[in-house]
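Residue numbers (our numbering): 508 to 705.
Just so it is clear, CB atoms sit at the ideal spot from N, CA and C, and this is done for glycine as well.
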């Protein structure tokens, strides 16, 4: 499928500022959920933009820099574990995506989100299943969100050693769960996810 299919159809309708939105970090046991919103320029395609999970860390970092340089507008937001515990991960993700869209310097004409998320925004929107792999601007958002979150979790690894955050990014690997049982919880662990390690 043409990764520009959705944007091209919207551009043809005169909607110039098409925004892609994606999240990273819904599943981890620790750390925030991070969301990015990106409006990419028409007709200037960056080769290699894809679902961030399909790319190596080195490739993601290189693409993230290019995306930020070329984007008409971009924004990254995060929602912390304490909020995730209070309102649940689904609502935290919706809030994070909404905040990312509303943090853009330019108001989008249309918003494309990954998955099946409906955002509480007044801008026309559409959600696309596997949008990070099938839609250019959502793929771009997935890359800058992933690079941002991975860097943040590497910083947390220095603050909270022993959990392997620089390797697992907070996901529930066997080594991470073993560390929780041995060392206890840190302030960045999600208390509402306790069933995953008990």
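Exercise. Tell me which same chain residues have a C-beta within less than 6 Å of the C-beta of residue 531, skipping the five on either side of it?
Worked result: Reading the chain shown from its first residue, position 24 is the one you call residue 531. Closer than 6 Å at Cβ, skipping near neighbours: 541, 652, 653, 656.
For this session: Could you have a look at residue 743 and say whether DSSP puts it in helix, strand or coil?
Result: Not covered by the structure: residue 743. The range shown for the chain is 508 to 705.
Problem set entry | Three-state class that DSSP yields for residue 642 in the structure shown | Along the chain shown, read from residue 1 onward, the residue named residue 642 stands at position 135. Residue state, collapsed to three classes: coil.
For this session: Work out the CA separation of residue 626 and residue 685 for me, nearest whole Å.
Result: Along the chain shown, read from residue 1 onward, the residue named residue 685 stands at position 178. Along the chain shown, read from residue 1 onward, the residue named residue 626 stands at position 119. Rounded to the nearest angstrom, the two C-alpha atoms are 37 Å apart.
Problem set entry | Proximity winner among 536, 594, 581, 585, relative to residue 612 (alpha-carbon distances) | Start at 1 with the first residue of the chain shown, and residue 612 comes out as number 105. Comparing Cα-Cα distances from residue 612 to each of 536, 594, 581, 585, the minimum goes to 581.
Exercise. What is the rounded straight-line gap between the Cα of residue 698 and the Cα of residue 597?
Worked result: Taking the chain shown and counting its residues from 1, the one referred to as residue 698 is at position 191. Taking the chain shown and counting its residues from 1, the one referred to as residue 597 is at position 90. Rounded to the nearest angstrom, the two C-alpha atoms are 15 Å apart.
Exercise. Do you know how far the Cα of residue 689 is from the Cα of residue 644?
Worked result: Locating residue 644 in the chain shown gives position 137, where the first residue counts as 1. Locating residue 689 in the chain shown gives position 182, where the first residue counts as 1. Roughly 42 Å separates the two Cα atoms.
Exercise. From what residue to what residue does the beta strand (DSSP E) around residue 634 run?
Worked result: Your numbering for residue 634 matches position 127 in the chain shown. Here the beta strand (DSSP E) through residue 634 covers 632-635.
Exercise. For residue 535, which residues of its own chain have a beta-carbon under 6 Å away from its beta-carbon, when the five flanking residues on both sides are left out?
Worked result: Position 28 of the chain shown, counted from the first residue, corresponds to residue 535. If we look at residue 535 and ignore the five residues flanking it on each side, its Cβ neighbours are 677, 678.
Problem set entry | Bridge partner(s) assigned by DSSP for residue 704 | As a first step, residue 704 must be located in the chain shown, where it is residue number 197. According to DSSP, which records beta bridges pairwise, residue 704 is partnered with nothing at all.
Problem set entry | Boundaries of the beta strand (DSSP E) in which residue 580 is found, first to last residue | For the purposes of this step, residue 580 is taken as residue 73 along the chain shown, with counting starting at 1. Where residue 580 is concerned, the enclosing beta strand (DSSP E) starts and stops at 580-586.
For this session: Leaving out five residues on either side along the sequence, give the residues of the same chain with a beta carbon under 8 Å from the beta carbon of residue 518.
Result: Residue 518 sits at position 11 when you count from the first residue of the chain shown. Cβ within range, chain order: 525, 549.
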